[in-house]
Amino acid sequence: MRTMVVWCPDWSVTAGLLELADGRDEDDPPHDVAAPAVVLANNRVVVCNATARAEGVRRGQRRRDAQARCPDVVLLPASPDRDARWFEPVLAAVEEVRPGVAPLRPGLMALPAPGRFFARGGVGGEEAAAAVLAEHLVDAGVWDCRFGAADDLYAAERAARRADPQGCLVVPAGGSAEFLRGLPVTVLADDGPEGAELADLLRRLGLVLLGDFAALSPASVSNRFGAYGVEVWRRVQGEEVTRLASRTPPPELACEISFEPPLDSAEAVTFSVRTTAERFVAGLSERQLVATGVRIEAEFEDGVSARTWLHPRCFTSRDLVDRVHWQLQAGMASSGLRSRKSTGETITSPVTLVRFLPDTVEPAGAHVDGLWGGGADDQVVRGVARVQAMVGYDAVRVPVRQGGRGPADRQALVPWGERPVGLRPVDRPWPGRLPGPAPSRVFAEAPEAEVVDEAGVVVAVTDRGRVTGEPWRFRVGVHWHPVAAWAGPWPVDESWWLGPGSGGRAARFQVVGVDGRAWLLRWRSAGGWEVEGAYD
Numbered sequence: 150m151r152t153m154v155v156w157c158p159d160w161s162v163t164a165g166l167l168e169l170a171d172g173r174d175e176d177d178p179p180h181d182v183a184a185p186a187v188v189l190a191n192n193r194v195v196v197c198n199a200t201a202r203a204e205g206v207r208r209g210q211r212r213r214d215a216q217a218r219c220p221d222v223v224l225l226p227a228s229p230d231r232d233a234r235w236f237e238p239v240l241a242a243v244e245e246v247r248p249g250v251a252p253l254r255p256g257l258m259a260l261p262a263p264g265r266f267f268a269r270g271g272v273g274g275e276e277a278a279a280a281v282l283a284e285h286l287v288d289a290g291v292w293d294c295r296f297g298a299a300d301d302l303y304a305a306e307r308a309a310r311r312a313d314p315q316g317c318l319v320v321p322a323g324g325s326a327e328f329l330r331g332l333p334v335t336v337l338a339d340d341g342p343e344g345a346e347l348a349d350l351l352r353r354l355g356l357v358l359l360g361d362f363a364a365l366s367p368a369s370v371s372n373r374f375g376a377y378g379v380e381v382w383r384r385v386q387g388e389e390v391t392r393l394a395s396r397t398p399p400p401e402l403a404c405e406i407s408f409e410p411p412l413d414s415a416e417a418v419t420f421s422v423r424t425t426a427e428r429f430v431a432g433l434s435e436r437q438l439v440a441t442g443v444r445i446e447a448e449f450e451d452g453v454s455a456r457t458w459l460h461p462r463c464f465t466s467r468d469l470v471d472r473v474h475w476q477l478q479a480g481m482a483s484s485g486l487r488s489r490k491s492t493g494e495t496i497t498s499p500v501t502l503v504r505f506l507p508d509t510v511e512p513a514g515a516h517v518d519g520l521w522g523g524g525a526d527d528q529v530v531r532g533v534a535r536v537q538a539m540v541g542y543d544a545v546r547v548p549v550r551q552g553g554r555g556p557a558d559r560q561a562l563v564p565w566g567e568r569p570v571g572l573r574p575v576d577r578p579w580p581g582r583l584p585g586p587a588p589s590r591v592f593a594e595a596p597e598a599e600v601v602d603e604a605g606v607v608v609a610v611t612d613r614g615r616v617t618g619e620p621w622r623f624r625v626g627v628h629w630h631p632v633a634a635w636a637g638p639w640p641v642d643e644s645w646w647l648g649p650g651s652g653g654r655a656a657r658f659q660v661v662g663v664d665g666r667a668w669l670l671r672w673r674s675a676g677g678w679e680v681e682g683a684y685d
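Below, the structure written as C-alpha cells:
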C-alpha cells in the first residue's frame with residue numbers, strides 16, 4: 150500500500166500564532182497569523198516562518214540579530230506541548246476524510262494513500278485526495294499544507310517537503326529510488342542533528358547527490374558512516390518497508406456503564422451492557438472505523454478483570470456482549486465464584502462497572518460486506534459463536550498454520566474468533582522440514598511401525614543421515630506390506646538437550662505400499678519406527 154505524508158511547514162510558529170490569536174480579548178485588534186515570527190530556544194532562532202525568512206531571518210541566528218533584520222518579528226518561546234496541542238485538530242480534520250492517521254511529530258503525519266477512491270479513469274487519484282484533504286485543513290485554519298505520495302514513508306516525506314503549498318508531489322509506483330537519488334544530500338538535515346552531520350560529511354567528501362551516496366558499497370557505508378549511514382543508504386536504495394502505527398483512538402471512543410447498586414448476577418450484567426456495546430460500536434462507525442481489538446474491563450467490589458479480545462473480522466455489539474459474558478465466567482472460575490445460567494445464581498463479588506476501550510481500530514472500508522451480503526458465512530459465524538457461548542470460549546478451536554519441521558509442529562489450535570499470536574514464523578528455513586504435499590491425517594498418538602530391508606533387518610539412519618538399508622517391507626499395525634515406492638530420509642536432530650525421550654536424532658520417510666496407500670513414517674534413534682501421518 151502506498152503512503153501519503155502531510156507536512157505543515159514551520160508548525161511551531163503556526164501553533165504559537167494560533168495560540169496568540171486564540172488568547173486575545175474581544176476588544177484587542179485581530180492578530181495577524183501571517184506576521185513574521187520566530188520560535189526561540191536558548192536565545193537562538195530554531196524555527197522561522199516564510200514571512201520572517203523574506204526579511205533575512207534564518208535558523209541559528211541570535212535573538213538580537215533576528216530583531217535587527219526584522220524589527221517587527223514576533224518572538225515565541227519553544228513549547229512542544231503547545232505544538233502537539235494545536236496539531237490535534239489538524240489530525241482530527243484529516244481523520245474525517247481518511248482514518249488511520251499516524252502522527253510522526255507536530256506538523257508531520259502519514260496515512261495510507263487514499264488515491265483509489267478519488268481516482269477517475271485510473272488517473273488523478275492521489276492528487277484529488279490531496280486536494281480534498283487540503284480543503285479540510287484550510288477550513289481548520291491551516292493555510293500552508295503540502296502533500297507527498299510514494300511507495301514508502303521516507304520518499305513520501307521528501308516529496309511533501311518539495312511540494313507547493315496545498316499541492317501534492319506524487320512519486321510514481323516503483324520510482325522511489327530514482328526520486329531519492331536525484332535529491333541533494335542537504336535534505337538529510339531535515340532528519341535532525343544526526344542527518345545534518347552526515348550531510349556535512351558527505352559534502353566535504355565530494356558527494357553532492359544522494360545517488361552518489363547510494364553508489365557506495367554496503368561495506369564501505371557501514372565502516373565509514375555507521376548504523377545511521379546504513380539506514381539512509383537502504384532508504385535511498387528503495388528498500389524501506391513502511392509500517393504506519395496509527396494513533397491510539399481518542400479517549401471519547403471508550404464507553405462504560407456503572408451499576409448502582411452493583412449487580413450480583415452474570416446474566417444481569419450481560420443484559421445491562423447491550424446498550425453500552427451498541428453505543429461503543431456506533432461511536433466507531435461515526436468515524437468510519439471498526440474495532441478488531443477491544444479491551445474489556447470489569448470492576449468487582451473486590452478486584453478488576455481486564456482482558457484484550459481480538460476478532461478475525463471486526464466486533465459487533467453482539468460480539469462484545471458475548472465477550473463480557475465469557476470474561477465474567479472466566480473471572481468467576483478463577484476466583485472460585487459460580488454462575489448457573491438456568492437459575493441466575495448470584496455471585497459473591499458484585500460487578501460495579503464494565504468498560505469498553507478500543508485497542509486496535511481499522512478503516513471500516515476494509516471490512517465491508519460483499520455486494521450480495523455475507524450469506525452462509527454470516528450464518529456459520531453466528532452458529533459457531535452460539536456454540537462457543539454454550540460450551541465455553543476455549544472449547545471451540547480452529548487450526549492455524551505455523552512454522553515447524555514436522556506436520557504436527559506446523560499446526561496450532563487457537564480459540565475461534567481469536568487472532569493467533571505467538572506462533573512460530575512460517576518464513577524461516579526450518580532445516581529438515583518435510584516437503585509437500587502435507588499428510589491429510591496427523592496422528593495425535595503415533596502408532597508403532599516397523600520397516601525392514603530385503604534381508605529382514607530393521608532399517609535405521611546413521612549419524613550422517615545415511616540409510617542402513619533400502620526399505621523393502623513395512624508394518625503398520627499387524628500386517629506387513631511390500632514397499633512400492635519410498636522417499637527420504639529427512640533427518641532432524643533437535644531437543645537433544647532435554648534428555649532421553651525428548652527429541653534427539655530422527656528421520657522421516659514417505660512410504661507407499663503396493664495397495665496404493667501412502668504413509669508418513671518417522672524413525673527415532675531412541676524409539677524405533679512410528680506412524681506420524683497418512684496420505685488419503
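Each step along the sequence shown adds one to the number in the working numbering, with nothing skipped, and position 198 is 347.
Glycine included, C-beta positions come from ideal geometry on N, C-alpha and C.
Chain-order list of residues whose beta-carbon lies under 6 Å from that of residue i (same chain, five-residue window excluded)
i, result
"Arg423", "Val470"
"Phe236", "Pro255"
"Ala279", "Phe296, Cys317"
Euclidean distance between Cα positions of residue i and residue j
i, j, result
"Arg504", "Asp413", "17 Å"
"Arg444", "Glu597", "47 Å"
"Val600", "Gly532", "46 Å"
"Val334", "Ala363", "11 Å"
"Ala513", "Ala440", "9 Å"
"His628", "Val591", "21 Å"
"Arg330", "Ala368", "19 Å"
"Glu603", "Arg622", "7 Å"
"Pro580", "Pro158", "52 Å"
"Ala557", "Val536", "27 Å"
"Gly270", "Ala277", "Here the model assigns Gly270 a pLDDT of 46, short of 50, so the residue's position is not dependable, and the following value carries that caveat. Roughly 12 Å between the two C-alpha positions."
"Val430", "Val287", "30 Å"
"Ala312", "Leu318", "5 Å"
"Gly432", "Ala308", "35 Å"
"Leu337", "Glu343", "9 Å"
"Ala417", "His460", "25 Å"
"Arg615", "Phe658", "12 Å"
"Ala636", "Pro564", "36 Å"
"Gly653", "Arg383", "42 Å"
First and last residue of the uninterrupted beta strand (DSSP E) at residue i
i, result
"Thr152", "152–156"
"Thr335", "Careful: Thr335 lies outside any beta strand (DSSP E) and carries neither H nor E."
"Ser407", "404–412"
"Pro507", "500–512"
"Val418", "Careful: Val418 lies outside any beta strand (DSSP E), inside the alpha helix (DSSP H) at 415–421."
"Gln560", "560–564"
"Thr441", "438–449"
"Thr457", "452–459"
Element boundaries [alpha helix (DSSP H), containing residue i]
i, result
"Val370", "367–385"
"Leu282", "274–288"
"Thr674", "Looking at the sequence provided, one finds Ser at residue 674 rather than Thr. Taken as a continuous stretch (DSSP letters only), Ser674 belongs to no alpha helix (DSSP H), as it is neither H nor E."
"Gln216", "212–218"
"Gly360", "359–363"
"Pro229", "229–244"
Residue burial classification, residue i (beta-carbon count within 10 angstroms, cutoff 16)
i, result
"His474", "buried"
"Pro507", "buried"
"Glu306", "buried"
"Ala675", "exposed"
"Glu389", "buried"
"Phe420", "exposed"
"Val660", "buried"
"Val453", "exposed"
"Arg546", "exposed"
"Arg487", "For Arg487, the predicted model reports a pLDDT of 40, less than 50, meaning its position is unreliable; a value from the coordinates is still stated below. Arg487 comes out exposed."
"Leu438", "buried"
"Asp232", "buried"
"Pro178", "Summary for Pro178: the model assigns pLDDT 49, below 50, so the residue's position carries little reliability; its value from the coordinates is reported in the next sentence. With fewer than 16 other Cβ atoms within 10 Å, it is exposed."
Whole-number beta carbon distance between residue j and residue i, since they are thought to touch under 8 Å
i, j, result
"Pro620", "Val632", "5 Å"
"Arg151", "Ala299", "7 Å"
"Val370", "Gly378", "5 Å"
"Leu103", "Gly290", "This structure does not reach residue 103, given that the chain is present from 150 up to 685, and the question cannot be answered."
Close-in-space but distant-in-sequence residues of the same chain around residue i (CB under 7 Å, 5 per side omitted)
i, result
"Val222", "Pro185, Ala186, Val187, Ala201, Val206, Ala215, Gln216"
"Gly697", "Outside the displayed span of the chain (150 to 685) sits residue 697, for which this structure offers no information."
"Ala525", "Here Ala525 scores only 47 on pLDDT, less than 50, and its place in the model should not be relied on; the value that follows carries that caveat. None."
"Leu253", "Ala259"
"Leu356", "Val334, Phe362"
Cβ shell of residue i (< 8 Å), same chain only, five flanking positions each side left out
i, result
"Pro586", "Tyr684"
"Pro314", "Trp292, Asp293, Cys294, Arg295"
Check: residue i C-beta below 7 Å from any heavy atom of the ligand FMN
i, result
"Leu572", "Of ligands this structure carries none, so the ligand FMN is not represented either."
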